[in-house]
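See below for the structure under consideration.
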Amino acid sequence: MNFDALPDLKSVFAELRRGMHVAAEDGALYQTLRQHETAYVEFYAALGFELVHHPHQFFYLRDEDRDSAPDGMVQCAVFMLILIDHLQDQGLDVETRLFDAPFDVEQLPHLKQPRYQGYLRQVRVQDAAALENVLQQLKRYGFAELRGRELRLRAPAMRFVDLCLDARAQLAEDRAAPDAGAAL
Amino acid sequence: MASLKSILHLLAEHEALLRALHESSEGLTASELAARLRTREEDAPLGPVLQRLLELGIVEERPGESVCLELSLPVRAFLGHLLRAHELVTPEAIRGYVQELDGQARALLSALAVTDAQAAVLALERMAAAIERVRSYAQANHGAILERVLRAKAGADGYSVRERFLRINALWEDYLSPLRALVEPGDWAHAAFDRSAEVLAQAREAFLLHGVVSAACERVRARLLRMRAAAAACYTEAYRELLPLYERARRQNLIAEGCARWLDHYGRQGPARLAQALPVARVRWQGQFSDAAVEARLLALVRYDPKAPPPLAEAAAATPAIVSLSVLRTRLSEALPQADLLAWLAQALPAAPLTELVRAYVGLATTLQVDATRAAPETALERADGRVRYRPLPVLAAAP
């Protein structure tokens, strides 16, 4: 296959290689990937990457040689888990609330509860400035948009919902661990 | 005995009281009732009214608690029907009436075998009652399920995600799924209805000459058909309404449970597993500076203008001050004997610092044959970096 013929190869790779999730709302880039999906999948496979097309209409790149996410991604995950936990504590439909309306950055629960602060400390987020940096990471990875003091989640944030849905399988080995710990 | 009209009139007069009792599944005390009625601006004295309602069997004292009143079961069902506030009926209750229907169909078959019209009529009456019970229960469950679905959809049930899932799951497992037996071909209830329909058809043919029995068979058959149609409609509609809600609640519950699992694991064991679960490519080119800080540092290195080294003349004063003991020992052995070891060292090392001079003195004195028996008079050594007062140590020869 002649990969030179792939349209927007450079700009697509420039976005994907830095961990960006390209969603339908990104317009031309998403459409390019959508229309030439097979060719792009082959191209990235030849480079040792996996181009993933998520059912919620976004693309991202997986590095087959890399078995863990960068620190910024982990900070995003902790941020999102806290947000999901907070929403479900309020009895809200988590998915609907996450994607239907923006969040006021000042009202985020992350630094307002000691339990959440403890989680954030583990990824070196201890104050408002560090939390602001996490919001920038969410934007950088394509998980969210920041408009002034409003945070609007994009479709790729579904990855964190998937993470929760897969928890049983992912943490299956961990199931025995709490019992073992409790016996000590 | 009071007339139906006067009883209904009494009920209408005290609608608020009846509604309050109907809303409370646990019953209410007279004072609780009074408090509720005050908020509804009903000022009639409560005591005589309650007494009258007790006499008529409209309300009853809760067993073991005479101060607590509740609606009697038939009145509760009647009001529930009028207010469309349906209560769920357990599948066991429906099963009981389906079994009754099956049993009476067998009784009808026995009556048919001996052409006993009396027994056939009795069996037909009981079959009709059982069929109407099943229809009523299926409709009640349908209404109750829809009511709960609407409350959950509106988010007006006030439950947490977990509680809502448990309740919807219970609706699904305990009330809707068993109703499937009424409409699923081959299932126990469906098979019982088929058998009953068959027996009714046979009985109608057999009792053609007994017009009353034949007509009764036709009426019961019509009831059976109506009940089956109603049960199918109720099940289908309840299923259609409840399925999306069930799926939604189940998904919400999985998300909530998964989130809690991750946070628990992360809190105890750190972010390693979380990092593994969210793979994403992050490619950095080697040799290419993409970070502004690194770029700035590189530019600073390129622009670095080093300062000239100090002139050689200045550097001469800083000759290494290390003294070699072996060289000194050789030189001293050639100049033995010496009356004053330190004076000889001072002359041999004119530029050495005082500390090096003392180090050399100690190093040599312990490895030479010295005469320490006579105490020489004290003298002093003046150096650029200090003054040492000492007694001279004569050196006789090199160490044996």
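So the protein sequences, as listed, match chains L and P.
When you number the first sequence by our numbering, it's gap-free, plus one each residue, and the end is 184.
When you number the second sequence by our numbering, it's gap-free, plus one each residue, and the end is 1400.
Every residue gets a Cβ at the ideal spot worked out from N, C-alpha and C, and that includes glycine.
Using only the alpha-carbon positions, how far apart do aspartate 71(L) and cysteine 1259(P) sit? Taking the first sequence and counting its residues from 1, the one referred to as residue 71(L) is at position 71. Taking the second sequence and counting its residues from 1, the one referred to as residue 1259(P) is at position 259. Distance between the alpha carbons of aspartate 71(L) and cysteine 1259(P): 19 angstroms.
Among Ala167(L), Ala101(L) and Ala144(L), the one whose alpha carbon lies nearest that of methionine 20(L): Locating residue 20(L) in the first sequence gives position 20, counting from the first residue. Among Ala167(L), Ala101(L) and Ala144(L), the Cα nearest to that of methionine 20(L) is on Ala144(L).
Quick check on histidine 1142(P) - is its C-beta less than 8 angstroms from some C-beta in chain L? Within the second sequence, the letter at position 142 stands for residue 1142(P). Chain L, which has no Cβ nearer than 8 angstroms to the Cβ of histidine 1142(P), makes this no.
Which residues in chain L sit within 9 angstroms of alanine 1170(P), going by Cβ to Cβ distance? By 1-based counting over the second sequence, the position of residue 1170(P) is 170. Near alanine 1170(P) there are no residues of chain L at all, since even the closest Cβ is about 18 angstroms away, more than 9 angstroms.
Selection from Thr1115(P), Arg1106(P) and Gly1027(P) that minimises the alpha carbon distance to valine 1059(P): Within the second sequence, the letter at position 59 stands for residue 1059(P). Comparing Cα positions, the closest option is Gly1027(P).
Going by beta carbon distance, what residues of the same chain come within less than 7 angstroms of asparagine 1253(P), once the five residues before and after it are set aside? The sequence position of residue 1253(P) within the second sequence is 253, counting from 1. Within the same chain, asparagine 1253(P) has close Cβ partners Val1161, Arg1162 and Phe1165.
Which residues in chain L sit within 7 angstroms of valine 1161(P), going by Cβ to Cβ distance? Working through the second sequence from its first residue, we reach residue 1161(P) at position 161. Residues of chain L passing the Cβ test: Gln88 and Gly91.
Below 8 angstroms between beta carbons: does that hold for leucine 1101(P) and isoleucine 1145(P)? Stepping through the second sequence from its first residue, residue 1101(P) is reached at position 101. Stepping through the second sequence from its first residue, residue 1145(P) is reached at position 145. No, they are not a contact pair.
Look up aspartate 104(L) in the DSSP assignment and give the residues it is bridged to. For the purposes of this step, residue 104(L) is taken as the residue at position 104 of the first sequence. Glu150(L).
Alpha helix (DSSP H) runs contained entirely in the segment 18 to 104 of chain L, provided each spans 4 or more residues: 28 to 35, 37 to 46, 71 to 89 and 94 to 100
Beta carbon of leucine 33(L), beta carbon of phenylalanine 49(L): below 8 angstroms? The sequence position of residue 33(L) within the first sequence is 33, counting from 1. The sequence position of residue 49(L) within the first sequence is 49, counting from 1. No. Outside cutoff.
Are proline 206(L) and leucine 151(L) touching if we call contact CB-CB under 8 angstroms? No answer is possible for residue 206(L): the residues shown for chain L start at 1 and end at 184.
In or out: valine 78(L) buried (at least 16 other Cβ within 10 Å) or exposed? Stepping through the first sequence from its first residue, residue 78(L) is reached at position 78. So valine 78(L) ends up on the buried side.
Three-pair Cβ contact test at 8 angstroms for the segment 86 to 103 of chain L versus the segment 34 to 53 of chain L: no
Whole-angstrom Cβ separation of leucine 1017(P) and leucine 1037(P), contact assumed at under 8 angstroms? Translated into positions along the second sequence, residue 1017(P) becomes position 17. Translated into positions along the second sequence, residue 1037(P) becomes position 37. Sure, about 6 angstroms apart at Cβ, within 8 angstroms.
Chain L residues whose Cβ lies nearer than 8 angstroms to that of tyrosine 1266(P): Against the second sequence, residue 1266(P) aligns to sequence position 266. In chain order: Val78, Leu81, Tyr119 and Gln122.
Can you give me the Cβ contacts of arginine 149(L) inside the same chain, cut-off strictly under 7 angstroms, excluding the 5 residues immediately before and after it? Translated into the one-based positions of the first sequence, residue 149(L) becomes position 149. Once the five neighbours on either side are set aside, the close Cβ partners of arginine 149(L) are Asp104, Val105 and Glu106.
How would you list, in chain order, the residues of chain P whose beta-carbon sits under 8 angstroms from the beta-carbon of phenylalanine 49(L)? Walking along the first sequence from the start, residue 49(L) turns up at place 49. Near phenylalanine 49(L) (Cβ distances below 8 angstroms), the residues of chain P are Ala1281.
Grouping DSSP H, G and I as helix and E and B as strand, with all else coil, what is glutamine 1369(P)? Translated into the one-based positions of the second sequence, residue 1369(P) becomes position 369. Reduced to three states, the DSSP call for glutamine 1369(P) is strand.
When the Cα atoms are used, what is the spatial distance from valine 1278(P) to alanine 1229(P)? As a working mapping, residue 1278(P) is identified with position 278 in the second sequence. As a working mapping, residue 1229(P) is identified with position 229 in the second sequence. One detail in the question is off: residue 1278(P) reads as leucine in this sequence, not valine. Straight-line Cα distance between these residues: approximately 52 angstroms.
Would you call the segment 1232 to 1247 of chain P and the segment 1185 to 1205 of chain P in contact, with 3 or more CB pairs under 8 angstroms? no
Taking contact to mean 3 or more Cβ pairs, one atom from each stretch, closer than 8 angstroms, check whether the segment 1333 to 1341 of chain P and the segment 1355 to 1372 of chain P are in contact. yes
Provide the residue(s) that pair with threonine 1029(P) in DSSP beta bridges, ordered along the chain. Indexing the second sequence from 1 puts residue 1029(P) at position 29. Answer is Cys1068(P).
is_contact[alanine 1277(P), chain L] using C-beta, thresh 8 angstroms: Start at 1 with the first residue of the second sequence, and residue 1277(P) comes out as number 277. Taking Cβ atoms only, chain L reaches closer than 8 angstroms to alanine 1277(P), which makes this a yes.
Using DSSP with H/G/I as helix, E/B as strand and the rest coil, what is tyrosine 1304(P)? As a working mapping, residue 1304(P) is identified with position 304 in the second sequence. It is coil, neither helix nor strand.
Exposure of glutamine 90(L), with buried meaning 16 or more beta-carbon neighbours within 10 Å: Position 90 of the first sequence holds residue 90(L). Exposed, by the Cβ-count rule.
Specify, as a first and last residue, the run of the beta strand (DSSP E) that arginine 1062(P) falls within. Along the second sequence, read from residue 1 onward, the residue named residue 1062(P) stands at position 62. Its beta strand (DSSP E) spans residues 1059 to 1062.
Would you identify the three-state DSSP class for tyrosine 1235(P), choosing helix, strand or coil? Here residue 1235(P) is taken as the residue at index 235 of the second sequence, counted from 1. Here tyrosine 1235(P) sits in helix by DSSP.
Cα-Cα, which of Leu1033(P), Leu1011(P), Ala1181(P) and Pro1048(P) is closest to valine 1075(P)? Within the second sequence, the letter at position 75 stands for residue 1075(P). Closest by alpha carbon: Leu1011(P).
Do you know how far the Cα of arginine 1226(P) is from the Cα of histidine 1014(P)? The sequence position of residue 1014(P) within the second sequence is 14, counting from 1. The sequence position of residue 1226(P) within the second sequence is 226, counting from 1. Answer to the nearest angstrom: the Cα atoms are 36 angstroms apart.
Would you mind telling me which residues of chain P sit closer than 9 angstroms to leucine 163(L), beta carbon to beta carbon, in chain order? Here residue 163(L) is taken as the residue at index 163 of the first sequence, counted from 1. Neighbours of leucine 163(L) on chain P, chain order: Gly1258, Cys1259, Trp1262, Leu1274, Ala1277 and Leu1278.
Below 8 angstroms between beta carbons: does that hold for alanine 1403(P) and valine 1089(P)? Residue numbering for chain P in the displayed model covers 1001 to 1400; residue 1403(P) lies beyond these limits and cannot be assessed.
Please classify glutamine 35(L): is it buried, with 16 or more other beta-carbons within 10 angstroms of its beta-carbon, or exposed? As a position in the first sequence, residue 35(L) is number 35, starting the count at 1. Counting Cβ neighbours within 10 Å, glutamine 35(L) comes out exposed, since fewer than 16 surround it.
DSSP state of glycine 1270(P), grouped into three classes? Position 270 of the second sequence, counted from the first residue, corresponds to residue 1270(P). Correct three-state label for glycine 1270(P): coil.
Measuring CB to CB, does alanine 965(P) end up less than 8 angstroms from proline 1392(P)? This structure leaves residue 965(P) out entirely; chain P is present only between 1001 and 1400.
Would you tell me roughly how many angstroms separate the C-alpha atoms of alanine 1154(P) and glutamine 137(L), rounded to the nearest one? Locating residue 1154(P) in the second sequence gives position 154, where the first residue counts as 1. Locating residue 137(L) in the first sequence gives position 137, where the first residue counts as 1. Roughly 35 angstroms separates the two Cα atoms.
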